[in-house]
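Participant: Structure provided below as structure tokens; questions to follow.
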Amino acid sequence: MNNRFTQISCLHCFFLVDFLCYLDFEPAYYERNNLIKYDLNSKTFKVTNEIYSNNFYNKPNYLQFEQIIFKCPSSITNDRKLFEVGGVDFIKQNIRFKIEDETLALKIEENRSNLKLLFVFKFTEVPPFEGLDFFGRKTTLYALENTLKKVIVYNSSTGEIYHTL
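To convert a position in the sequence shown, counted from 1, into our numbering, add 400.
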């Protein structure tokens with residue numbers, strides 16, 4: 401069953417290669433209203449994404465959203481930390497993006513409850529990686545690797561585009 405699902409998943413990926421795809425990332429509610437702040441020293445904003453540790457694609461300089469992975473562009477950096485909630489291990493991925501203009505940064509910070517990142521990409525391949533199944537046994541998982549075309553930082557309420565990375 402798992403092998404057949406993998407074959408079907410790969411078949412769907414094959415058809416997506418020629419199309420632009422979008423991933424609309426919205427930080428968690430508590431983060432949008434409390435934690436998104438501009439760092440004056442590094443001139444960056446930080447948002448977080450959480451991933452089950454057993455599905456983690458553990459390669460440096462990659463962003464992961466479920467099974468979709470991106471190589472970080474130079475305008476985005478990330479770091480990761482392991483944490484546990486209710487006996488379940490997660491990876492917290494801190495995503496930082498640079499905004500040089502402090503006036504624009506203040507506008508983003510004032511409207512942080514509506515902040516979203518739109519990732520525009522094309523699928524390129526389906527690399528295997530080692531993960532864990534439901535019972536904690538090692539298993540082969542597959543990620544959807546792609547070429548990131550751009551990242552759009554925008555206000556989800558007004559549709560205003562703040563910045564394109």
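Note that CB positions come from ideal geometry on N, CA and C, so glycine has one too.
Could you work out which residue in Thr444, Leu541, Tyr438 and Gly487 is closest to Ser474 when comparing CA atoms only?
Facilitator: Ranking the options by Cα distance to Ser474, first place goes to Thr444.
Participant: Indicate whether Ile436 and Arg496 have their beta-carbon atoms separated by less than 7 Å.
Facilitator: No.
Participant: Looking only at its chain, what residues have a beta carbon closer than 6 Å to the beta carbon of Pro527, apart from the 5 residues adjacent to it on each side?
Facilitator: Hits under 6 Å: Ala543 and Glu545.
Participant: Taking the straight line between their C-alpha atoms, what separation do you get for Cys421 and Phe523?
Facilitator: Approximately 8 Å, taken between the alpha carbons.
Participant: With a 10 Å radius around its C-beta and 16 neighbouring C-beta atoms as the bar for buried, classify Ala428 as buried or exposed.
Facilitator: Burial call: exposed.
Participant: For Val520, which residues of its own chain have a beta-carbon under 8 Å away from its beta-carbon, when the five flanking residues on both sides are left out?
Facilitator: So the list reads Leu420, Cys421, Tyr422, Leu548, Lys549, Lys550, Val551 and Ile552, once near-sequence residues are dropped.
Participant: Check the C-beta distance from Thr448 over to Lys498 and give it rounded, since I have them as a contact under 8 Å.
Facilitator: Not confirmed; about 17 Å, so no contact.
Participant: DSSP beta-bridge partners for Gly531?
Facilitator: Its beta-bridge partners are Thr539.
Participant: For Leu416, name the three-state secondary structure that DSSP assigns.
Facilitator: The pLDDT assigned to Leu416 is 48, lower than 50, so where the model puts this residue is not dependable, and the model offers no usable value.
Participant: Do you know how far the Cα of Tyr452 is from the Cα of Leu537?
Facilitator: In the sequence under discussion, the amino acid at residue 537 is Arg, which differs from the Leu named in the question. Distance between the alpha carbons of Arg537 and Tyr452 is about 15 Å.
Participant: Taking only three categories from DSSP, how would you classify Lys446?
Facilitator: The answer is strand: DSSP assigns Lys446 an E or B state.
Participant: Judging by CA-CA distance, which residue of Ser556, Lys446 and Phe425 is the nearest neighbour of Asn514?
Facilitator: Asn514 has its Cα closest to that of Ser556, out of Ser556, Lys446 and Phe425.
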